[in-house]
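Numbering (the numbering used here), first residue to last: 1 to 84.
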């Protein structure tokens, strides 16, 4: 499926308002800007927690936008949840 550039605008995507606001405050208004971003960078975005990051990752995968090191981060998150 091909998407138009406007389809990547974070305000037009089914993301929680808190995630949209956190991304916008960090200067990201478009999913294309997140191409190649590291999870370390995402985890440092103020107001963006684990649930928000997981939802964002799902959306990015739907739009075929790649994030660096996502599989390792998800494994670490699952391990830490099992220990809790």
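Even for Gly, the Cβ is constructed at its ideal location relative to N, Cα and C.
Task: Coarse secondary structure for residue 17, derived from DSSP in three states - done: helix
Open item on the list: Need the endpoints of the alpha helix (DSSP H) that residue 59 sits in, please.
Closed with: 50-62
- [ ] Provide the residue(s) that pair with residue 38 in DSSP beta bridges, ordered along the chain.
- [x] 68
Task: Per-residue burial, residue 32 [other beta carbons within 10 Å of its own, 16 or more giving buried] - done: exposed
Open item on the list: According to DSSP, simplified to helix, strand and coil, what is residue 11?
Closed with: helix
TODO: Using DSSP bridges, identify the partner residues of residue 44.
DONE: Paired residue(s): none; residue 44 is not in a bridge.
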